[in-house]
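J.: In this note's numbering, the protein residues as written are 9 to 488.
1. Using the Cβ count rule (16 or more neighbours within 10 Å means buried), how would you classify residue 130?
2. In whole angstroms, what is the alpha-carbon distance linking residue 390 and residue 174?
3. Leaving aside the five residues before and after residue 167 along the sequence, list all residues of the same chain whose C-beta is less than 8 Å from its C-beta, in chain order.
4. What are the boundary residues of the beta strand (DSSP E) that includes residue 327?
5. When you compare the CB positions of residue 103 and residue 347, do they come within less than 8 Å of one another, or not?
6. Could you give the C-beta distance for residue 422 and residue 225, rounded to a whole number, given that I count them as a contact under 8 Å?
7. Cβ of residue 302 within 8 Å of Cβ of residue 338?
8. Quick check: the Cα distance between residue 296 and residue 152, rounded to an integer number of angstroms?
9. Run through DSSP, which three-state label would residue 308 get?
10. Is it buried or exposed, residue 86, if we count other Cβ atoms within 10 angstroms and call 16 or more buried?
11. Examine chain C for any beta-carbon lying closer than 8 Å to the beta-carbon of residue 175, and answer yes or no.
12. If you pair each beta-carbon of the segment 248-257 with each one of the segment 228-236, do three or more pairs fall below 8 Å?
13. Expressed to the nearest angstrom, what Euclidean distance is found between the alpha-carbon atoms of residue 378 and residue 143?
14. In the DSSP assignment, what residue or residues form a beta bridge with residue 61?
15. Where does the unbroken alpha helix (DSSP H) through residue 334 begin, and where does it stop?
16. With DSSP collapsed to three states, give me the class of residue 433.
17. Examine the Cβ distances between the segment 108-121 and the segment 40-49 and report whether three or more of them are shorter than 8 Å.
18. Would you mind sorting residue 211 into buried or exposed? The rule is 16 or more other CB atoms within 10 Å of its CB.
19. Relative to the alpha-carbon of residue 290, which residue among 333, 313, 90 has its alpha-carbon at the smallest distance?
20. Under the rule that 16 or more other beta-carbon atoms within 10 Å means buried, what is residue 376, buried or exposed?
21. Quick one: what's got a C-beta closer than 8 Å to residue 68's C-beta in the same chain, skipping five residues either side?
22. Using a Cβ distance threshold of 8 Å, determine whether the segment 92-106 contacts the segment 189-209, with at least three qualifying pairs required.
23. Assess, as a yes-or-no matter, whether the segment 419-435 is touched by the segment 478-486 under the definition of 3 or more beta carbon pairs within less than 8 Å.
24. If you drop the 5 nearest sequence neighbours on each side, which residues of the same chain put their C-beta closer than 7 Å to that of residue 326?
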């Protein structure tokens with residue numbers, strides 16, 4: 009989800025050791041699956057799978073109480089002689105739905121899929137697993153106050169006891185699914201918030217984990233918004249530095265940072281209300297553009313190098329001609345399909361309590377911390393399990409992937425985690441953003457690692473060849 013004032017609130021993101029959690033029994037498969045096809049709007053290909061539903065108690069301490077459905081899909085390995093340990097995909101947010109999103113990710117994991125099943129679960133509160141959604145896509149155009157009011161009133165409209173939509177409970181769900189599908193061990197691929205989920209699963213069920221790939225790492229001590237002002241500002245600096253160092257970008261936009269600062273000031277003093285073509289539907293759309301609109305659109309765009317390539321043009325057009333259409337289009341394109349009710353259920357319980365009340369260093373990207381805390385002040389909260397932020401100690405093979413210019417989980421978060429692991433490799437992609445298994449090099453390395461999870465013999469030579477896309481110099485694209 010991307011809302012103007014809230015657009016990166018829902019992107020993602022005293023530690024005690026935890027007693028071992030009882031292992032779910034591993035038996036023959038007991039979950040009935042039927043043929044299905046996975047598809048996603050805007051993605052041209054579909055994925056054949058086997059789908060099913062597992063009812064689980066909403067409140068794990070009341071097994072006979074209210075049941076909620078967990079939506080599950082297994083994409084069977086292409087080879088008949090497949091490996092016994094599947095790849096489980098844990099997506100970001102919190103609030104993305106793995107089954108729903110997988111067609112977008114399939115090309116990334118195609119090599120892994122040759123020899124391994126891929127297991128997808130819509131985490132409770134997402135997709136078809138009792139989805140929790142507050143704002144609809146059309147609510148992107150709401151002003152800040154109205155969007156916040158809707159989010160604060162949302163809990164009473166949701167059909168859920170929000171105290172039980174937390175990461176640790178979701179990982180109990182996942183292990184119940186593993187057992188029901190008959191898998192003894194699994195490989196985990198987590199991206200963004202999915203890395204938190206993967207680490208929680210590792211801490212709760214270490215014997216069930218064969219290997220892990222963590223992409224855009226949320227370290228155990230990570231608290232959403234705690235470092236966003238500094239991390240986002242650094243990513244923005246890298247963006248301006250890269251444009252200035254690029255011959256064609258600098259030639260087209262020699263004063264890009266000055267234009268951005270001036271545009272920000274202009275919108276802070278006088279917001280602009282304009283009618284633009286809806287980026288996805290084509291009909292007229294009335295939008296009020298504020299300094300928050302600009303800041304949050306820029307922050308969201310910093311995640312994705314393919315979108316970032318157009319940001320200099322979008323800033324320049326808005327500054328010179330009051331043409332905000334490219335910026336608004338970026339805001340819509342950066343939508344990540346978050347179920348925002350699930351986001352707040354998780355984050356308000358697991359993160360809000362750790363945030364400081366001091367906003368003196370909020371900077372350009374930090375003020376949404378206060379918006380987040382304001383919303384969380386009225387949301388029901390579950391019991392924050394110590395396992396979420398507990399340090400991890402493991403000798404399991406773990407591959408860590410980071411983008412140098414990631415605005416939310418830059419490499420230093422993975423470095424902190426690496427200190428707690430004895431069998432890890434950390435790869436940093438220069439100039440890249442949030443999530444790097446999706447580029448050809450990253451996908452190749454991930455597949456090789458899952459096939460043979462050794463951090464010592466991994467061929468990582470292609471990492472140095474990965475570069476972000478060239479900047480657009482005009483509406484026709486990059487310089488030929």
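For each residue, glycine too, the CB sits at the ideal point set by N, CA and C.
T.: Straight from the coordinates:
1. buried
2. 7 Å
3. 138
4. Where residue 327 is concerned, there is no enclosing beta strand (DSSP E), although the alpha helix (DSSP H) it sits in stretches over 319-329.
5. yes
6. 4 Å
7. no
8. 10 Å
9. helix
10. exposed
11. No chain C appears in this structure, which consists of one protein chain only.
12. no
13. 19 Å
14. 79
15. 333-341
16. strand
17. yes
18. buried
19. 333
20. buried
21. 172, 177, 180
22. yes
23. no
24. 271, 332, 335
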